[in-house]
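Visitor: Let me begin by handing over the structure; questions about it come next.
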Amino acid sequence: MSHPHPELSAPPALADDGLRVIPFGGLGEVGRNMTAFEHRGRLLIVDCGVLFPEDHQPGVDLILPDWSSIRDRLDDVEALVLTHGHEDHIGATPYLLRERGDIPLVGSELTLALLGSKLREHRLRETVHHVVTEGDRITFGPFELEFVAVNHSIPDALAVAIRTSAGMVLHTGDFKMDQLPLDGRITDLRAFARLGEEGVDLFLTDSTNAETPGFTPTEKAITPVIDQVFRESEQRIIVACFASHIHRVQQVLDAAYAHERQVAWVGRSMVRNMGIARDLGYLKVPPNTVVEAKQLAQLPAEHQVLISTGSQGEPMSALSRIAQRNHHIVHIEEGDTVLLASSLIPGNENAVYRVINGLARWGARVVHKGNAMVHVSGHASAGELLYCYNIVKPRNVLPVHGEIRHMQANAALARMTGVPHVVIAEDGVVVDLVDGVAEIVGKVDCGYVYVDGSSVGDVTESDLKDRRILGEEGFISVIVVMDSVTGKVASGPEIHARGNAIETASFEEVKPAIIEALDLAVAEGNTDTYQLQQTVRRVIGRWVSGTHRRRPMIIPVVIES
1 MSHPHPELSA
11 PPALADDGLR
21 VIPFGGLGEV
31 GRNMTAFEHR
41 GRLLIVDCGV
51 LFPEDHQPGV
61 DLILPDWSSI
71 RDRLDDVEAL
81 VLTHGHEDHI
91 GATPYLLRER
101 GDIPLVGSEL
111 TLALLGSKLR
121 EHRLRETVHH
131 VVTEGDRITF
141 GPFELEFVAV
151 NHSIPDALAV
161 AIRTSAGMVL
171 HTGDFKMDQL
181 PLDGRITDLR
191 AFARLGEEGV
201 DLFLTDSTNA
211 ETPGFTPTEK
221 AITPVIDQVF
231 RESEQRIIVA
241 CFASHIHRVQ
251 QVLDAAYAHE
261 RQVAWVGRSM
271 VRNMGIARDL
281 GYLKVPPNTV
291 VEAKQLAQLP
301 AEHQVLISTG
311 SQGEPMSALS
321 RIAQRNHHIV
331 HIEEGDTVLL
341 ASSLIPGNEN
351 AVYRVINGLA
361 RWGARVVHKG
371 NAMVHVSGHA
381 SAGELLYCYN
391 IVKPRNVLPV
401 HGEIRHMQAN
411 AALARMTGVP
421 HVVIAEDGVV
431 VDLVDGVAEI
441 VGKVDCGYVY
451 VDGSSVGDVT
461 ESDLKDRRIL
471 GEEGFISVIV
481 VMDSVTGKVA
491 SGPEIHARGN
501 AIETASFEEV
511 KPAIIEALDL
521 AVAEGNTDTY
531 QLQQTVRRVI
541 GRWVSGTHRR
551 RPMIIPVVIE
561 S
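In terms of the numbering used here, the sequence shown opens at residue 1 and continues consecutively.
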């Protein structure tokens with residue numbers, strides 16, 4: 001997709017001691033986070049994530065950031081900094097490393113461990129890893145980095161302060177200010193204040209919950225709800241959540257242990273991520289609690305807990321297959337309880353409710369965010385953002401990570417606290433920090449890069465349009481054989497339709513019109529095969545639209561004999 005700012009041209013050359021910010025994803029959408037910082041001819045990248053496709057993007061597996069504007073400068077990249085281990089921040093990294101495999105990777109222990117398993121899946125060799133923790137400082141070229149602990153819905157999340165001769169940038173990554181986190185690791189507001197005293201020239205802040213007033217509830221607020229679900233359930237319990245939500249899994253494990261139940265992981269990503277979290281000590285597994293799924297199936301239902309992927313209704317996920325009763329191990333029964341311990345990602349509502357209805361049809365009790373407090377957000381609400389602006393006191397603010405409405409709400413909060421300069425940009429819009437002032441200076445090409453099977457970037461918007469037409473309207477093929485000597489129709493038209501419920505017999509009434517249009521075209525000197533095919537397309541298109549009120553894909557084939 002092209003960028004919706006036709007008034008902007010390519011950015012000028014960067015000032016000698018300026019800092020350039022180029023967002024390749026995550027501004028105007030929730031996902032696909034990737035931002036490049038340029039200073040003194042060198043580049044630093046923060047995050048490299050994916051966006052998951054919606055219904056209007058059929059056949060697409062993943063959507064990547066578009067870094068084509070720096071593709072010829074990848075040798076200038078000093079490092080890739082990963083703020084935390086969610087897919088929308090690390091998922092595109094293997095595709096970037098395919099283009100330059102030795103980019104140094106910087107992140108926390110858990111983040112790099114989760115990425116490492118992904119790199120092995122892509123059969124990429126391990127590149128240079130720099131494991132960092134809060135308080136660490138490390139320098140790459142003209143960029144000096146300092147890391148700050150932040151609280152999020154995955155352990156080991158980090159904000160990063162980037163010091164350059166042009167000024168200091170503070171990038172929060174995804175964060176909230178949970179004062180009672182399950183792991184005891186709170187957002188380090190003292191470090192935020194210290195950096196503010198030093199002088200934050202540009203503050204990039206998470207916008208996802210900027211429209212939500214007050215403070216995001218704590219993770220511990222969910223514990224009594226989960227305990228109640230376990231206390232009231234008399235048969236099997238199935239919990240669906242994100243495979244990266246280690247805190248939520250920990251709460252379920254603790255509840256299972258307290259209620260004398262055993263737990264099994266279901267779903268490849270859940271098995272992989274929980275194994276990593278357990279081995280690194282981020283997940284504390286009570287004794288004799290976790291067993292293999294096949295072993296769990298042999299226990300009485302009242303002692304079973306399954307933790308599964310599929311909380312967003314993904315068609316091939318474990319929970320979807322359980323709802324359809326075609327999972328190879330789990331067979332849903334009347335009286336089972338299913339706990340959807342996650343929020344609804346916008347665009348997934350229909351898929352999730354389809355799964356809920358499928359589970360309810362077999363007699364399962366489904367507990368979800370609509371009827372119980374079983375999930376809290378991992379992002380700071382308006383009250384937390386105001387708090388941060390007041391202690392950091394930045395000179396410039398660039399809202400990131402969110403849709404346009406989220407970023408605008410975040411910008412309004414910044415202005416309320418007296419921030420002198422607030423810039424709202426979108427993917428591809430270039431912002432320069434020069435002499436302490438941030439402003440938009442141009443744009444670079446920045447569209448969607450689609451991953452479709454083994455294809456990366458080959459699928460276009462035109463291809464997706466064709467797929468939508470095929471899916472919604474079907475297609476009609478028309479084959480006509482033309483006599484190359486006389487220019488007359490020698491055979492056909494032979495017409496076939498699929499996916500639109502048009503009876504084959506009904507095409508008899510349009511065949512004379514096609515032959516007449518072809519004769520007229522030849523008489524006017526239009527003998528080119530492509531022109532004749534377009535003639536067929538126009539005639540059959542007008543007929544099917546007027547007769548059947550359909551607009552299928554039309555595939556005309558004209559053959560000379």
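Where a beta carbon is used, it is the ideal one built from N, C-alpha and C, also for glycine.
#1: Return the Cβ separation of residue 445 and residue 488 in integer angstroms, given the expectation that the two are a contact with Cβ distance under 8 Å.
#2: Could you check how far apart the C-beta atoms of residue 208 and residue 28 are, in whole angstroms? I think they sit under 8 Å.
#3: Which of the three DSSP states, helix, strand or coil, is assigned to residue 557?
#4: How about residue 170 and residue 203: do their beta carbons lie closer than 7 Å?
#5: May I have the straight-line CA-CA distance separating residue 180 from residue 381, to the nearest angstrom?
#6: Taking the straight line between their C-alpha atoms, what separation do you get for residue 286 and residue 263?
#7: Do residue 74 and residue 99 count as a contact pair if the criterion is CB distance below 7 Å?
#8: Does residue 9 pass the burial test, meaning 16 or more other C-beta atoms within 10 Å, or should it be called exposed?
#9: Under 7 Å between the Cβ atoms of residue 559 and residue 536?
#10: From the DSSP output, read off the bridge partner residues of residue 381.
#11: Quick check: what's the CA-CA separation for residue 541 versus residue 491?
#12: Please report the distance separating the alpha-carbon of residue 63 from that of residue 436.
#13: Taking only the alpha-carbon atoms, compute the straight-line gap between residue 329 and residue 124 and give it to the nearest angstrom.
#14: Taking only three categories from DSSP, how would you classify residue 417?
#15: Distance, Cα to Cα, residue 350 vs residue 165?
#16: Express the C-alpha separation of residue 473 and residue 517 in angstroms, rounding to a whole number.
#17: Are residue 427 and residue 25 close, meaning C-beta to C-beta below 7 Å?
#18: Could you spell out where the beta strand (DSSP E) holding residue 367 opens and where it closes?
#19: My output table needs one value for residue 36: the three-state DSSP class, helix, strand or coil.
#20: Drop a sphere of 10 angstroms on the beta-carbon of residue 396, count the other beta-carbons inside from all chains shown, and report buried for 16 or more, exposed for fewer.
#21: Please give the ranges of any beta strand (DSSP E) in the segment 52 to 125, keeping only runs that are unbroken, at least 3 residues long and fully inside the region.
#22: Specify the secondary structure class of residue 171 as computed by DSSP and reduced to three states.
#23: Note down, in chain order, each residue of its chain lying with its Cβ closer than 8 Å to the Cβ of residue 183, except the 5 sequence neighbours on either side.
#24: Can you tell me the Cα-Cα spacing of residue 2 and residue 447, whole angstroms?
#25: Assign residue 228 to buried or exposed, taking buried as 16 or more other Cβ atoms, counted over all protein chains shown, within 10 Å of its Cβ.
#26: Would you tell me roughly how many angstroms separate the C-alpha atoms of residue 259 and residue 32, rounded to the nearest one?
#27: Where do the N-terminal and C-terminal ends of the beta strand (DSSP E) with residue 448 fall, by residue?
#28: Per DSSP, what kind of secondary structure is residue 3 in: helix, strand or coil?
#29: Nearest chain B C-beta to residue 527 closer than 7 Å, yes or no?
#30: Mind checking who residue 265 pairs with in its DSSP beta bridge?
#31: Around the C-beta of residue 288, are 16 or more other C-beta atoms found within 10 angstroms, so that it is buried, or is it exposed?
#32: Going by beta carbon distance, what residues of the same chain come within less than 7 Å of residue 356, once the five residues before and after it are set aside?
#33: Could you pull the start and end residues of the beta strand (DSSP E) that residue 146 belongs to?
#34: Tell me which residues share the same chain as residue 137 and place their Cβ nearer than 6 Å to its Cβ, disregarding the 5 neighbours each side in the sequence.
#35: Taking 8 Å as the cut-off, does the segment 116 to 130 touch the segment 91 to 107 (at least 3 CB pairs, one atom from each stretch)?
#36: Helix, strand or coil for residue 274? Go by DSSP, reduced to three states.
Guide: Let's see:
#1: Actually they do not touch by this definition, with Cβ atoms about 49 Å apart.
#2: In this structure residue 208 does not touch residue 28 by the C-beta definition: roughly 13 Å separates them, more than the 8 Å allowed.
#3: In the structure shown, residue 557 adopts extended strand secondary structure according to DSSP, grouped into three states.
#4: It is a contact, given that the beta carbons lie within the stated cut-off.
#5: Within the model, the alpha-carbon separation for residue 180 versus residue 381 is close to 16 Å.
#6: Cα to Cα, residue 286 sits roughly 10 Å from residue 263.
#7: Closer than 7 Å, so yes.
#8: Its Cβ having fewer than 16 others within 10 Å, residue 9 is exposed.
#9: Against a cut-off of 7 Å, the Cβ pair of residue 536 and residue 559 comes out as no contact.
#10: 209.
#11: Those two C-alpha atoms are separated by around 20 Å.
#12: Going by the C-alpha atoms only, they are around 35 Å apart.
#13: For residue 329 and residue 124, the distance between alpha carbons rounds to 33 Å.
#14: Here residue 417 sits in coil by DSSP.
#15: Distance between the alpha carbons of residue 350 and residue 165 is about 50 Å.
#16: In a straight line, the C-alpha of residue 517 is about 25 Å away from that of residue 473.
#17: Judged by their CB atoms, residue 427 and residue 25 are nearer to each other than the 7 Å cut-off.
#18: Going by DSSP, residue 367 is part of the beta strand (DSSP E) stretching over 365 to 367.
#19: Strand.
#20: By the C-beta density criterion, residue 396 is buried, having at least 16 other C-beta atoms within 10 angstroms.
#21: Segments of the beta strand (DSSP E) lying fully in the segment 52 to 125: 62 to 64, 77 to 81 and 105 to 107.
#22: In this structure, residue 171 counts as strand in the three-state DSSP scheme.
#23: Counting only Cβ-Cβ distances below 8 Å, and skipping sequence neighbours, we find 155, 247 and 282.
#24: Its pLDDT being 38, under 50, residue 2 is placed unreliably in this model, and the value from its coordinates should be taken loosely. Approximately 6 Å, taken between the alpha carbons.
#25: By the 10 Å Cβ count, residue 228 comes out exposed.
#26: Rounded to whole angstroms, the gap between the alpha carbons of residue 259 and residue 32 is 40 Å.
#27: For residue 448, there is no enclosing beta strand (DSSP E), as DSSP marks it with neither H nor E.
#28: With a pLDDT of only 46 at residue 3, under the threshold of 50, the placement of this residue in the model should not be trusted, and no figure is reported.
#29: The structure shown contains no chain B; it holds only a single protein chain.
#30: Looking at the DSSP output, residue 265 bridges to 307.
#31: Within a 10 Å sphere around the beta-carbon of residue 288 sit fewer than 16 other beta-carbons, which makes this residue exposed.
#32: Closer than 7 Å at Cβ, skipping near neighbours: 366 and 368.
#33: Residues 143 to 149.
#34: Here residue 137 has 146 as same chain residues with Cβ atoms under 6 Å from its own Cβ, once five neighbours each way along the sequence are excluded.
#35: A contact exists between the segment 91 to 107 and the segment 116 to 130.
#36: Residue 274: helix per DSSP, three-state reduction.
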